[in-house]
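Heads up: the structure comes next, in structure tokens.
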Amino acid sequence: MPVVATRDLGVVLGRLPVLRSISLSVEAGQAVALLGANGSGKTTLVRAILGLVPHQHGDVELFGTPLAQFRDWTRVGYVPQRASIQYPQATVREVVAMGRLARRKPFRRQSDADRQLVAEAIAAVELAGKENTPFAWLSGGQQQRALIARALCGQAELLVLDEPLAGMDVRSQERLAETLARLKADGLTQLVVLHETDALEAVLDREIVLRDGRVMPPGTLHLDRHHHETEHHSHPPLLAGTLDGR
Amino acid sequence: MDFLTLAFMQRALLAALVAGLVSPTIGGFIVQRRLSLLGDGLGHVAIAGVGLALATGLTPLPVAVAVAIAGAVAIELLRSSGRASADVAMAVLFYGGLATGVLLAGLVGQGAGNLSSYLFGSLLTISTPELALIAVLGGLILVLALGLAPQLFAVCSDEDYARTLGLPVRLYNMLIVVLAAVTITVSMRTVGLLMVSALMIVPVATANNLARGFSRALGLAMGLGVASAAAGVVGSYYLNAPPGSLIVVVAIAIFVVTLPVAGRLRRARKLPKTVEDADPTPLPHQPEAAHEHVHGPGCGHPALVHGDHLDYVHDGHRHAAHEGHYDEH
Chain A
1 MPVVATRDLG VVLGRLPVLR SISLSVEAGQ AVALLGANGS GKTTLVRAIL GLVPHQHGDV
61 ELFGTPLAQF RDWTRVGYVP QRASIQYPQA TVREVVAMGR LARRKPFRRQ SDADRQLVAE
121 AIAAVELAGK ENTPFAWLSG GQQQRALIAR ALCGQAELLV LDEPLAGMDV RSQERLAETL
181 ARLKADGLTQ LVVLHETDAL EAVLDREIVL RDGRVMPPGT LHLDRHHHET EHHSHPPLLA
241 GTLDGR
Chain B
1001 MDFLTLAFMQ RALLAALVAG LVSPTIGGFI VQRRLSLLGD GLGHVAIAGV GLALATGLTP
1061 LPVAVAVAIA GAVAIELLRS SGRASADVAM AVLFYGGLAT GVLLAGLVGQ GAGNLSSYLF
1121 GSLLTISTPE LALIAVLGGL ILVLALGLAP QLFAVCSDED YARTLGLPVR LYNMLIVVLA
1181 AVTITVSMRT VGLLMVSALM IVPVATANNL ARGFSRALGL AMGLGVASAA AGVVGSYYLN
1241 APPGSLIVVV AIAIFVVTLP VAGRLRRARK LPKTVEDADP TPLPHQPEAA HEHVHGPGCG
1301 HPALVHGDHL DYVHDGHRHA AHEGHYDEH
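So the sequences go chain by chain: A and B.
The letter at position 125 of the first sequence is residue 125 when you use our numbering, and the numbering goes up by one with no holes.
Just add 1000 to wherever you are in the second sequence, counting from 1, and you've got our numbering.
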């Protein structure tokens, strides 16, 4: 049973078809990259998979359950784009502890087990010692790791990361790649929206390339991956011209 | 403290303490959600309720609660519709509430005089049944807001993420505006409908400047709200001033007085910026020519964290100390 599966998925935003006939699946334990140029629909695709954007066509299944019936949100850990969120006050611990809310009941205090899992998740992303630091003070790479810790402390089985490398220097990218590699070794399934795969090459099993809201046939990735070296090559660069294609 | 033997002063103090405690609690979530002016708008809507009560001879507080809740539901439905026209529709609703209230009160000859005790507060005339209702509503708000604090915080700070936690986001969004509406009517007699928003927002703004962490700031804001309310009521007795406005002035005075402290805290916390190298290979050695100035903390040149050392920005260059001289970095 695939962890994520879409069949003939179509999303229309406004009147613009943003995703067309997307069929894909991510198996348990896999780390899959979702690649594509700006506007290719990759962020919309993960948002549709998570039910944050309604789809007009086709089906989405999470852990074998149709999205509309899916209630097991503890199994999903969403790591949104760092730039899109602001926590002016909250400390790292408070941000990470949000991840427990999928399991915590309303009107219940945080249990010792909750606290323990939050501490473990913070340690797993090497932020121990920063628990009481406001999230807003962290560097970009540290913020990204804190958001991953938040997804981890809910004991998710699937991590969905939206552009985790955006705005990060090379060293932070390497550290993040190490963290993700460790999580993969622990059996976590990962779906990662990316601009380029270079920094995560060692982690990824497979890439899905989107262009203009459609999945490109497999095997086209290598063109993209070595895009810079092969620009003068006879292959047409597949990701170019996306905007013209609209 | 002889005034505490006066029954009306006791009621005034109790009502003010409830308002001072409850208002910043909801205010903390409203500010996190970037809806600081929501309270002001809801206050305008509640005026319609007061006007309606004055016109029909009903008790103002329960009618104001009902109308404010209805207004809150309308606002939330408009907001979540995401339409561009929602912003204008909300403005129409706010001023519609204000105008309706003034009109209804005026039509039955109650005029602005009676209405003004709800616009600017009238702590000293609170009756015992009114105080009882204020206390019950205040208690209800506290139980819901504090019992659901983690959930409400998650929804207020990042709706999408809250949805992927499986939280009933729409329900919680609605709950926040409804709680805000009830808070406004609870504080209505204390500071008046035109100033309720101040008691919701100002202590939160002060606490956010001083405390680290959402829950600590929320706790501090509640303390500051209670302190402002108590100081306002007691002060009004000695100054023979209206308590509602004094409470707001005290809250704002605390905000202003603590600004320098907040500034110092912020500066102390501010870490030097970090220079991020795109290329991890070491820089070629490029020593700086004769350099009289010695860089150090507080030398006047901004410091940057660069790997394992500090660079100082000097005339557009970055100087890094190296064996008795400075390198260009």
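Ideal placement from N, C-alpha and C gives every residue a C-beta, glycine not left out.
Residues of chain B with a Cβ closer than 9 Å to the Cβ of residue 132 of chain A are, in chain order, 1212 and 1213. Between the alpha carbons of residue 64 of chain A and residue 4 of chain A lies a distance of about 8 Å. The criterion of a C-beta distance shorter than 9 Å is not satisfied by residue 46 of chain A and residue 13 of chain A.
With a threshold of 9 Å between beta carbons, residue 189 of chain A makes no contact with chain B. According to DSSP, residue 1328 of chain B shares a beta bridge with B:1319. The beta carbon of residue 1107 of chain B lies closer than 7 Å to those of 1055 in the same chain, with the five residues before and after it left out.
In the displayed model, residue 1106 of chain B falls within a helix according to three-state DSSP. Contact between the region 82-102 of chain A and the region 133-147 of chain A is present, with at least three C-beta pairs closer than 8 Å. For residue 1179 of chain B, the enclosing alpha helix (DSSP H) covers residues 1169-1191. Going by DSSP, residue 85 of chain A is part of no beta strand (DSSP E) at all; its letter is neither H nor E.
Interface annotation, residue 1158 of chain B: in contact with chain A, CB-CB separation under 9 Å.
Within chain A, the residues whose beta carbon sits less than 7 Å from that of residue 1165 of chain B are 73, 101 and 102, listed in sequence order. Distance check between residue 1063 of chain B and each of B:1186, B:1197 and B:1305 places B:1186 closest, using alpha-carbon atoms only. Residue contact with chain A for residue 1208 of chain B: present (Cβ-Cβ distance below 9 Å to some residue of chain A). For a Cβ distance threshold of 8 Å, nothing in chain A lies close to residue 1118 of chain B: the least Cβ distance comes to about 33 Å. Residue 1010 of chain B is not a Cβ neighbour of residue 89 of chain A, given a cutoff of 9 Å. With contacts defined by Cβ atoms closer than 9 Å, residue 144 of chain A and residue 60 of chain A do not form a contacting pair. By DSSP's assignment, residue 25 of chain A forms a beta bridge with A:5. With a threshold of 16 other beta carbon atoms within 10 Å, residue 1286 of chain B falls short and is exposed. Considering only B:1262, B:1161, B:1324 and B:1184, the residue with the shortest C-alpha distance to residue 1210 of chain B is B:1262. For the 9 Å CB-CB criterion, residue 1316 of chain B and residue 107 of chain A do not form a contact.
Close to residue 1147 of chain B, with beta-carbon spacing below 8 Å, are these residues of chain A in chain order: 106 and 107.
Interface annotation, residue 116 of chain A: not in contact with chain B, CB-CB separation never under 9 Å. According to the DSSP assignment, residue 120 of chain A belongs to the alpha helix (DSSP H) that extends over 112-124. One thing to note: residue 164 of chain A has its Cβ no nearer than 9 Å to the Cβ of residue 104 of chain A.
Taking 8 Å as the upper bound for CB-CB distance, residue 1051 of chain B and residue 1092 of chain B are not in contact here, some 17 Å apart.
Listed in chain order, the alpha helix (DSSP H) elements of length 4 or more contained wholly in the region 1233-1263 of chain B are 1243-1257. At least one beta carbon of chain A lies nearer than 9 Å to the beta carbon of residue 1150 of chain B. Residues of chain A with a Cβ closer than 7 Å to the Cβ of residue 1154 of chain B are, in chain order, 98 and 101. Listed along chain A, no residue sits closer than 9 Å to residue 1262 of chain B by beta-carbon distance, the nearest being about 13 Å off. Leaving aside the five residues that flank residue 75 of chain A on each side, the residues in its chain whose CB is nearer than 7 Å to its CB run, in chain order, 63, 156, 157 and 158. When the alpha-carbon of residue 1067 of chain B is set against those of B:1100, B:1081 and B:1114, the nearest one is in B:1100. Residue state for residue 189 of chain A is assigned as strand, using DSSP reduced to three classes.
Distance from the CA atom of residue 77 of chain A to the CA atom of residue 1206 of chain B, rounded to whole angstroms, is 34 Å. The C-alpha of residue 28 of chain A is placed about 22 Å away from the C-alpha of residue 1161 of chain B. Taking a C-beta cut-off of 8 Å against chain B, the contacting residues of the region 47-60 of chain A are 47, 50, 51 and 52, listed in chain order.
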